[in-house]
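To start, the structure itself, in structure tokens.
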Amino acid sequence: MPPKFDPNEIKVVYLRCTCGEVSATSALAPKIGPLGLSPKKVGDDIAKATGDWKGLRITVKLTIQNRQAQIEVVSSASALIIKALKEPPRDRKKQKNIKHSGSITFDEIVNIAWQMRHRSLAREPSRTIKEILGTAKSVGCNVDGRHPHDIIDDINSGAVECPAS
């Protein structure tokens, strides 16, 4: 016999989904069904909560208590960089291996590093900024019209000053 349902118990489920789209309920059912939630309703709620991240793959944190789900977007560094590029959403079914050729400012990189600092293993803000610049390099975008690795070299040599806070 299964254990009794505890209404005060909090379950946390992490899902990776494409934002702005209602994901397949068949993919949600094995994770959410045993917790007493409707996969279709949760899929609609996720699509509604992630509307401004349209077209990006992102992690969603579901906090489930008393058969109610709170949805929280857990953004990755690459998703924040792509969002900062302000590119129009592309059809991911037609275009594969998209390279983002835009350019963002160093101030936006600092803001993204400030948002990601709690998830970074770096001790100093300058190292978190270097992590974000490395992610910008792998995304394929430029920073202030320059290659991200050139800016990392400038930070290492002291030519570019990183904000401490």
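Residue numbering for the sequence shown follows this note's numbering, starting at 46 and increasing by one per position.
For each residue, glycine too, the CB sits at the ideal point set by N, CA and C.
Supposed close pair residue i, residue j - CB separation, criterion 8 Å
i: Ile77; j: Val58; result: 7 Å
i: Ile103; j: Val87; result: Incorrect: roughly 16 Å between the Cβ atoms, too far for contact.
Beta-carbon spacing of residue i, residue j below 8 Å
i: Ile127; j: Ala158; result: no
i: Leu73; j: Ile109; result: no
i: Ile116; j: Asp90; result: yes
i: Thr150; j: Asp189; result: yes
i: Gly185; j: Ser148; result: no
i: Thr180; j: Ala114; result: no
i: Ala124; j: Leu101; result: yes
Residue i, buried or exposed, once every other Cβ within 10 Å from all chains shown has been counted against 16
i: Lys175; result: buried
i: Pro193; result: buried
i: Leu166; result: exposed
Cβ-heavy atom distance, residue i to the ligand COA, below 7 Å
i: Pro193; result: The ligand COA is absent from the structure shown, which contains no ligand whatsoever.
Residues that residue i bridges to, as DSSP identifies them
i: Asn187; result: Ser148
i: Leu60; result: Val105
i: Gln113; result: Gln110
i: Val119; result: Thr104
i: Ile55; result: Gln110
CA-to-CA distance, residue j to residue i, given in whole angstroms
i: Val205; j: Ala94; result: 38 Å
i: Val155; j: Ser171; result: 9 Å
i: Asp97; j: Pro84; result: 22 Å
i: Arg164; j: Thr173; result: 10 Å
i: Ile62; j: Leu130; result: Checking the sequence, you will find Cys at residue 62 rather than Ile. Cys62 and Leu130: Cα-Cα distance of roughly 20 Å.
i: Thr70; j: Asp152; result: 40 Å
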